[in-house]
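Whatever position you read off the sequence shown (first residue = 1), add 1156 for the numbering used here.
The beta carbon of each residue, even a glycine, is placed where N, CA and C say it ideally should be.
Since the model is a prediction, treat every value here as computed from it, not as a measurement.
Structure first, commentary second.
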Amino acid sequence: MDIIKQILHDYLVLFSMVNAFGNLPIFADLTHDMDTGLRNTIYRIAVLTGGSIVLVFALFGDFMLDNIFDVNTNSFKIAGGILVFIVAAKGVMSNSKIFSPHVSGDKSIAIFPLGFPYLAGPGTILTTILLFRNSEILITVPSAVLVYLSILPILHLAPLVTRVFGQLGISVISRILYIFISAKAVEFVLQGLSGFLKTQ
1157 MDIIKQILHD YLVLFSMVNA FGNLPIFADL THDMDTGLRN TIYRIAVLTG
1207 GSIVLVFALF GDFMLDNIFD VNTNSFKIAG GILVFIVAAK GVMSNSKIFS
1257 PHVSGDKSIA IFPLGFPYLA GPGTILTTIL LFRNSEILIT VPSAVLVYLS
1307 ILPILHLAPL VTRVFGQLGI SVISRILYIF ISAKAVEFVL QGLSGFLKTQ
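Shown next as structure tokens:
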């Protein structure tokens, strides 16, 4: 039961950081002139790209920090928490989205910018590593897989969701998710400070 609660916790944190609802207008804008088949292909590739990036860092990010960069866990939690908070704060206060230009029918947008950085940006990658350091591989990896599996149907419904909620509704949902993330970022910082003080 505890494992299920931990997976749900990590899932909610990662899902909020990816912020699929907040990115819906971007996905809708970049694919509005494509036919349904091509649009769905783009969405699948984007989710696969974003999910693969996050899984790589979930599996090897901690190893790289310990063995290549030799970063202390508490220091990483403090620095990472601050950076995640900044990303979340910008998301809350942002007034507009900048849509990237694209060539109609170009599948490469599924990888950039949709897969990276929209579905797996620096904040999401950083959050994944922080969650891994707090949990373990049997918690973080299933959580990440569930996040990207649940994002795919949301993207497929992008035109409908955009019509139902409107730009204002999506903006409100996006900001609520970022507030949740900013609170989690503060928690990361406090954990790092607590761990640091215990070593003194």
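Supposed contact pair residue j and residue i - C-beta distance, whole angstroms, cut 8 Å
i	j	result
LEU1170	VAL1303	5 Å
PHE1352	THR1284	About 22 Å; that fails the 8 Å criterion.
PRO1184	ALA1314	Sequence check: residue 1184 is Ala here, not Pro. So it is a contact: roughly 5 Å between Cβ atoms.
GLY1207	ALA1300	7 Å
LYS1233	PHE1344	5 Å
LEU1270	ALA1202	4 Å
ILE1332	ALA1176	Not confirmed; about 13 Å, so no contact.
ASP1166	SER1327	About 26 Å; that fails the 8 Å criterion.
THR1205	PHE1272	6 Å
PRO1298	ILE1163	6 Å
ALA1245	SER1338	6 Å
As assigned by DSSP and simplified to three states, the class of residue i
i	result
ALA1184	helix
GLY1351	helix
GLN1162	helix
LEU1170	helix
VAL1227	coil
MET1190	coil
LEU1346	helix
PRO1257	Its pLDDT being 48, under 50, PRO1257 is placed unreliably by the model, and nothing is read from it.
Straight-line gap, residue i to residue j (C-alpha atoms, nearest Å)
i	j	result
LEU1211	ILE1281	9 Å
LEU1324	GLY1247	14 Å
PHE1225	PRO1278	17 Å
LEU1311	TYR1199	7 Å
LEU1305	GLN1356	43 Å
SER1250	ILE1159	36 Å
Any non-hydrogen atom of the ligand NAP within 7 Å of residue i CB
i	result
PRO1298	The model on display carries no ligand, and the ligand NAP is accordingly not part of it.
Which residue spans inside the stretch 1277 to 1329 form an unbroken beta strand (DSSP E) run of at least 3? As far as the stretch 1277 to 1329 is concerned, it has no whole beta strand (DSSP E) run of at least 3 residues.
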